[in-house]
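So the structure is just underneath, and the comments pick up after that.
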Amino acid sequence: GDSVTQMEGPVTLSEEAFLTINCTYTATGYPSLFWYVQYPGEGLQLLLKATKADDKGSNKGFEATYRKETTSFHLEKGSVQVSDSAVYFCAEDTGTASKLTFGTGTRLQVTL
Amino acid sequence: NAGVTQTPKFQVLKTGQSMTLQCAQDMNHEYMSWYRQDPGMGLRLIHYSVGAGITDQGEVPNGYNVSRSTTEDFPLRLLSAAPSQTSVYFCATRAGVGEQFFGPGTRLTVL
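These protein sequences, in sequence, are chains F and B.
Note that this note's numbering has the first sequence beginning at 5, numbered continuously upward.
Note that this note's numbering has the second sequence beginning at 113, numbered continuously upward.
See below:
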């Protein structure tokens, strides 16, 4: 079946450092791709999305580009803040009713 | 507009007990899902529903039952709890292909 692979965590960065969290997917065709963020003690919330090849999703300084040729959707941010500390999940949606396939999550810890 | 609500927030059960996790939404979304979140495994789909009266199994359905009698509610039932069902459970809704909206979660411990 379809799967999403994202880099192992935890990732520990100093404030203002550059962030990359890698994500690759296996679904064929043109799935929609998402990054969700989970802050401590909360549910997941959508961070950004892209629905077709070469689309760039962006929100709160984060961005990710849908790369069909490498089946990737890497998350980047130029300058992280302590408030970005959370768990980040990459997910794909092939349109099969209601089903998102999630990666295992990457915990980000940002220190002063 | 409450979005997606889940009750209870925390629950401790003994092995063999039954319980129902409640999920309600006020967004009039047709699709609703239940996921469980375990360390190192991401979120795994338990059951889902594409509308009132229609449910189907996800990736890890064993030990769980669901029903969908209304658009708003999608309860998850554990008939005989096992320690392997210790997890955090999330309910989610969506309007179609696109963003899913998640509830705050229920943290369940089975002793």
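Note that the Cβ used here is the ideal one computed from N, Cα and C, for glycine as well.
Keep in mind it's a predicted model, so treat the numbers as computed, not measured.
Top-ranked residue by Cα proximity to residue i, from the options
| i | options | result |
| --- | --- | --- |
| S83 (chain F) | F:G65, F:L37 and F:T98 | F:G65 |
| A164 (chain B) | B:V172, B:A136, B:Y176 and B:Q149 | B:A136 |
| E96 (chain F) | F:L116, F:F77, F:T105 and F:E73 | F:T105 |
| A57 (chain F) | F:E19, F:H78 and F:Y34 | F:Y34 |
| Y176 (chain B) | B:L157, B:H141 and B:E211 | B:L157 |
Residue j beta carbon less than 8 Å from that of residue i
| i | j | result |
| --- | --- | --- |
| Y29 (chain F) | L37 (chain F) | yes |
| V116 (chain B) | T221 (chain B) | no |
| T183 (chain B) | P120 (chain B) | no |
| G170 (chain B) | H159 (chain B) | yes |
| L190 (chain B) | M144 (chain B) | no |
| G107 (chain F) | V8 (chain F) | yes |
| Q149 (chain B) | F213 (chain B) | no |
Chain F within 8 Å of residue i, Cβ atoms only
| i | result |
| --- | --- |
| P216 (chain B) | yes |
| G152 (chain B) | yes |
| L220 (chain B) | no |
| E211 (chain B) | yes |
| Y160 (chain B) | yes |
| F186 (chain B) | no |
| F122 (chain B) | no |
Nearest-angstrom beta carbon gap, residue j and residue i [assumed within contact, 8 Å]
| i | j | result |
| --- | --- | --- |
| Q118 (chain B) | P216 (chain B) | 6 Å |
Chain B contact for residue i (CB, 8 Å cutoff)
| i | result |
| --- | --- |
| F106 (chain F) | yes |
| G47 (chain F) | yes |
| K60 (chain F) | no |
| F77 (chain F) | no |
| F66 (chain F) | no |
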